[in-house]
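Visitor: Quick one: the structure is below, and I'll ask about it shortly.
Shown next as structure tokens:
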């Protein structure tokens, strides 16, 4: 699992690079705020009901601060995903550094 900073994620988004964005927070958190077109798959259900993602494309995993997403990357790795990135600092850091319109909680 590699780390990806909020700044690097913004660069990927702006450049049109192909990747998948996975939010492993809970539904209520996702309803409150999210990054772009992220797919929701709460950490608690990730292993039993993994999201339908392309294992060949990079997957950037995020949560509130980066801890759950690190666990999510570990789980996805056991499911055969290889190109995994943990968003450093989670959506909280992304809101601080890139997009202040994303609600903080």
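In my numbering, the protein residues as written are 10 to 114. We put the CB at the ideal spot given by N, CA and C, even for glycine.
1. In chain order, which beta strand (DSSP E) runs of at least 3 residues are fully inside the segment 28-90?
2. From the DSSP output, which residues share a beta bridge with residue 12?
3. Could you pull out every residue in the same chain whose Cβ sits closer than 7 Å to the Cβ of residue 43, ignoring the five residues on either side in sequence?
4. For residue 29 and residue 94, I'd like the C-alpha separation in whole angstroms.
5. For residue 181, I'd like the list of residues in its chain whose CB is within less than 8 Å of its CB, leaving aside the five on either flank, ordered along the chain.
6. Which same chain residues, not among the five before or five after residue 111, have their C-beta less than 6 Å away from its C-beta?
7. Is the separation between the beta-carbon of residue 68 and that of residue 62 shorter than 8 Å?
8. Out of 25, 12 and 35, point me to the one whose CA is closest to residue 55's CA.
Guide: So, from the listed chains and residues:
1. 29-32 and 68-71
2. 95
3. 32
4. 10 Å
5. Given that the chain is displayed from residue 10 to residue 114, the structure contains no residue 181 and the question cannot be resolved.
6. 42 and 104
7. yes
8. 35
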